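Asker:
There are 2 protein chains.
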Amino acid sequence: MFELTILGTSAAVPYKDRYLAGQVLNVQSELYLIDCGEGTQFRIKDLGIRKSKINHIFISHLHGDHCFGLFGVLTSMAMSGRTDPLSIYSPSGLKDMIETVFQYTYYQSPFTINFNEINTQIVSQILENQYLTVTAFPLYHRIPTIGFLIKEKPFPLNIIPEKIEQYQIPYSAIKAIKNGGDYHNTEGGIIPNSELTLPPYKPRSYAYCSDTAYNETLVPILEGVDMLYHEATFMHDMADHATETGHSTTIQAATIAQVAGVGQLIIGHYSSRYENLNILLDEAKSVFENTVLGIDGNVYSLDLQRII
Amino acid sequence: MFELTILGTSAAVPYKDRYLAGQVLNVQSELYLIDCGEGTQFRIKDLGIRKSKINHIFISHLHGDHCFGLFGVLTSMAMSGRTDPLSIYSPSGLKDMIETVFQYTYYQSPFTINFNEINTQIVSQILENQYLTVTAFPLYHRIPTIGFLIKEKPFPLNIIPEKIEQYQIPYSAIKAIKNGGDYHNTEGGIIPNSELTLPPYKPRSYAYCSDTAYNETLVPILEGVDMLYHEATFMHDMADHATETGHSTTIQAATIAQVAGVGQLIIGHYSSRYENLNILLDEAKSVFENTVLGIDGNVYSLDLQRII
């Protein structure tokens, strides 16, 4: 499973049914929370997301609309009896801010919070586990801001069941074949791996870019990602205002997607001046056809596909 | 107009359609925000309350479920172009907490915030304006906590129009009569005020008690208030747990209402262990009949009545 649930798509302030920044990425049933605007704990609850499955929280930057929900998420986790440690990744300052708020509100976390302050100037891998790696990279906003690239690790190969029988492959040899090895049989013969296994599954990838001005240095980082969320706060007639405020337009988001050759572009982080989002979608699609609107509560998933 | 809108009735964490602590009292079209749990800015927006009309915010105590919404309310006010000063009344610590959060989130308020740190040990008048007074008084929770008593000032008397004609009362004499004076006519006669005016309107009052353990010292403060919101976090079978955690049961809230002779009791701040609130209502009514459930989004108003 590789599934993105968007909790909120509104920039700065909530607007009608658009909530503040927050997303949950589900990779192999582990949940990763990306940004955490006010109300994130309500959104998680309303959308039936199990907060006990969240062990990593990524915060792009310390503007309130991307982090004011953390206090509530963390205290609610405690109220639900959490004892597992939790890791938070963010630009510097978040740890001090949260610890100060907890002190003034007489709150002591019953679980360990590991704060990871990320260097916002460089591209760096910040997490690796069994299933994936997470890389942080600089974005171009008014304050130190990072984007996140989540990439699945290569999958073990699937052996074709009939081949096990055909070549009498013993159990002890299976692991090596799943990892790409050929099979050396007892007679000294070599059966090439490609004959024994199905074409491998393609590792899936997702990148999150909010908030950021248009910047082509993002292209090599985003090259070929399957799903890109790129903010498109404004229509392109507001390109000057976007640049001034460290945001992007529809056309700019779509241009990044186009040049980086991503699979799909999801736009979001809409200014509250836009009630009808279809005009933003149309503008983005004029540059990059495979664009969809980020919509609060919608789920965007990537299927497993074999490399052919 | 004297109208209370309840934004949230849930204790500690949001539960189904019950949000966190927050209320808006509308007195003569000035809005007073009482407590401000996470999501208050959403509730205000969804309920069509004009946040520009809020000039005073009262925070009972610094547990997160009563104050984590402040960051969002204050920054959203700024995004809406607010320049008018705002006053906040709370136990000590709130100013430092908010200023720290604003510093880490690169936020500078474009309007002045006057923080008033209230002594939580004594009964003290903390606000007086044209229409009302607000008095803070100690509550009995695990941390320094205050309740709020809002009382309308006496209304000017209404002169009976026919009497102005009958006694040929000049315009210059009206103000004195409205303030309770008799009318001295040009022939040296005295027309008593009671003959010239209608019985006066009764000033209305509202008191907010959340969070607090049962404590009879509240009774003289709450004596005769028209509308009392008193937390009833638990059913009475959990009286011991209520005492330990600094909360009240239904029976305890109703007993305070009964002994203080209030007009109406609104209960709230319900534990998330209760889905069906009617059992709490029934228990409270067994002690104080004129009890109603505090329900998220409901409006509770007091009509003007003449003293007879």
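Top to bottom, those sequences are chains A and B. Under numbering that gives the first Met the number 0, think of the first position of the first sequence as 0, with each following residue one higher. Under numbering that gives the first Met the number 0, think of the first position of the second sequence as 0, with each following residue one higher. Backbone N, C-alpha and C define an ideal beta-carbon position, used for all residues, glycine too. Just so we're clear, the structure is a prediction, and the values are computed from it rather than from any experiment.
At a CB-CB cut-off below 7 Å, which residues of chain A make contact with Ser75/B?
Answerer: Those are Val12, listed as they occur along chain A.
Asker: So which residues of chain B does Leu301/A contact, with C-beta pairs closer than 7 Å?
Answerer: Neighbours of Leu301/A on chain B: none; closest Cβ ~31 Å, over 7 Å.
Asker: Is Gly188/B buried or exposed, if buried means 16 or more other CB atoms sit within 10 Å of its CB?
Answerer: Counting Cβ neighbours within 10 Å, Gly188/B comes out exposed, since fewer than 16 surround it.
Asker: Between which residues of its own chain and Gly260/A is the CB-CB distance below 7 Å, once the five residues before and five after are set aside?
Answerer: Result list for Gly260/A: Glu222, Gly223, in chain order.
Asker: What would DSSP say about Gly68/A, mapped onto helix, strand or coil?
Answerer: Reduced to three states, the DSSP call for Gly68/A is coil.
Asker: Kindly give me the distance between the Cβ atoms of Thr211/B and Leu280/B, rounded to whole angstroms, as I take these residues to be in contact under 8 Å.
Answerer: About 19 Å; that fails the 8 Å criterion.
Asker: To which residues does DSSP link Ala206/B through a beta bridge?
Answerer: According to DSSP, which records beta bridges pairwise, Ala206/B is partnered with Leu148/B, Leu227/B.
Asker: Taking just the CA atoms, how far does Gly179/A sit from Gly36/B?
Answerer: For Gly36/B and Gly179/A, the distance between alpha carbons rounds to 55 Å.
Asker: Measure the Cβ-Cβ separation of Pro198/A and Ile306/A and say whether it is below 8 Å.
Answerer: Cβ atoms of Pro198/A and Ile306/A: closer than 8 Å.
Asker: Is it the case that the Cβ atoms of Met76/A and Lys44/A are separated by a distance below 8 Å?
Answerer: No. Outside cutoff.
Asker: Among residues of its own chain, excluding the 5 on either side of Pro153/B, which ones have a beta-carbon nearer than 6 Å to its beta-carbon?
Answerer: Correct list, in chain order: Pro202.
Asker: Strictly under 8 Å for the Cβ-Cβ distance: is Gln107/B near chain A by that measure?
Answerer: So no, Gln107/B is outside the interface.
Asker: Return helix, strand or coil for Ile142/A, following the three-state DSSP convention.
Answerer: Coil, per DSSP.
Asker: Is the Cβ of Lys152/B closer than 8 Å to any Cβ of chain A?
Answerer: Answer no: the Cβ-Cβ gap between Lys152/B and chain A never drops below 8 Å.
Asker: Run through the DSSP bridge pairs and tell me what Pro155/A is partnered with.
Answerer: Pro155/A pairs with nothing; no bridge assigned.
Asker: DSSP three-state call for Ser86/A: helix, strand or coil?
Answerer: The answer is strand: DSSP assigns Ser86/A an E or B state.
Asker: Could you pull the start and end residues of the alpha helix (DSSP H) that Asn275/A belongs to?
Answerer: Per DSSP, Asn275/A belongs to no alpha helix (DSSP H) and is neither H nor E.
Asker: Would you mind sorting Asp239/A into buried or exposed? The rule is 16 or more other CB atoms within 10 Å of its CB.
Answerer: Label assigned to Asp239/A: exposed.
Asker: With a cut-off of 8 Å, does the C-beta of Thr104/B fall near any C-beta of chain A?
Answerer: For Thr104/B, the answer is yes, since a Cβ of chain A falls inside 8 Å of its Cβ.
Asker: Could you give the distance in angstroms between the alpha-carbon of Ile163/B and the alpha-carbon of Glu186/B?
Answerer: Taking the straight line from one Cα to the other gives about 16 Å.
Asker: Determine the direct distance from the alpha carbon of Ile125/A to that of Thr4/A, and round the result to whole angstroms.
Answerer: Thr4/A and Ile125/A: Cα-Cα distance of roughly 22 Å.
Asker: Report all residues from its chain with a CB closer than 6 Å to the CB of Phe114/B; omit the five preceding and five following residues, and keep chain order.
Answerer: These residues qualify, in order along the chain: Ile87, Lys94.
Asker: Would you mind sorting Gly146/B into buried or exposed? The rule is 16 or more other CB atoms within 10 Å of its CB.
Answerer: The residue is buried, with at least 16 neighbouring Cβ atoms inside 10 Å.
Asker: What residue does the alpha helix (DSSP H) around Pro219/A start on, and which one ends it?
Answerer: Per DSSP, Pro219/A belongs to the alpha helix (DSSP H) from 217-221.
Asker: Looking at chain A, is there any beta carbon in it that lies within less than 8 Å of the beta carbon of Ile142/B?
Answerer: Closer than 8 Å to some Cβ of chain A, the Cβ of Ile142/B qualifies, so yes.
Asker: Relative to chain B, which residues along the region 84-105 of chain A have a C-beta separation below 7 Å, given in chain order?
Answerer: Within the region 84-105 of chain A, the residues whose Cβ lies closer than 7 Å to some Cβ of chain B are Gly92, Asp95, Met96, Thr99, Val100, Tyr103, Thr104, Tyr105, listed in chain order.
Asker: With the cut-off set at 8 Å, would you say Gly309/B and Ser209/B are in Cβ contact?
Answerer: Outside the displayed range of chain B (0 to 307) lies residue 309/B, so it cannot be described from this structure.
Asker: So, for Ser79/A: in the same chain, excluding its five sequence neighbours on each side, which residues have a beta-carbon less than 8 Å away from its beta-carbon?
Answerer: The residues are Lys50, Ser51.
Asker: Are Thr232/B and Ser270/B closer than 8 Å when you measure CB to CB?
Answerer: A contact, by the Cβ cut-off of 8 Å.
Asker: Would you say Leu61/B lies against chain A (beta-carbon separation less than 8 Å)?
Answerer: Interface residue, yes.
Asker: So what does DSSP say about Ala135/A, is it helix, strand or coil?
Answerer: In this structure, Ala135/A counts as strand in the three-state DSSP scheme.
Asker: Which class does Leu24/B belong to by DSSP, given the choice of helix, strand or coil?
Answerer: Three-state result, Leu24/B: strand.
Asker: What residues in the region 109-135 of chain B bring their beta carbon closer than 9 Å to a beta carbon of chain A?
Answerer: Of all residues in the region 109-135 of chain B, none has a Cβ within less than 9 Å of some Cβ in chain A.
Asker: Any idea what DSSP makes of His183/A, helix, strand or coil?
Answerer: Strand.
Asker: For Ile250/A, which residues from the same chain have a beta carbon less than 8 Å from its beta carbon, with the 5 sequence-adjacent residues on both sides left out?
Answerer: Correct list, in chain order: His235, Ala238, Glu282, Ala283, Ser285, Val286.
Asker: Give me, in chain order, the residues of the same chain whose beta-carbon lies closer than 6 Å to that of Ile142/B; leave out the 5 immediate sequence neighbours on both sides.
Answerer: Once the five neighbours on either side are set aside, the close Cβ partners of Ile142/B are His60.
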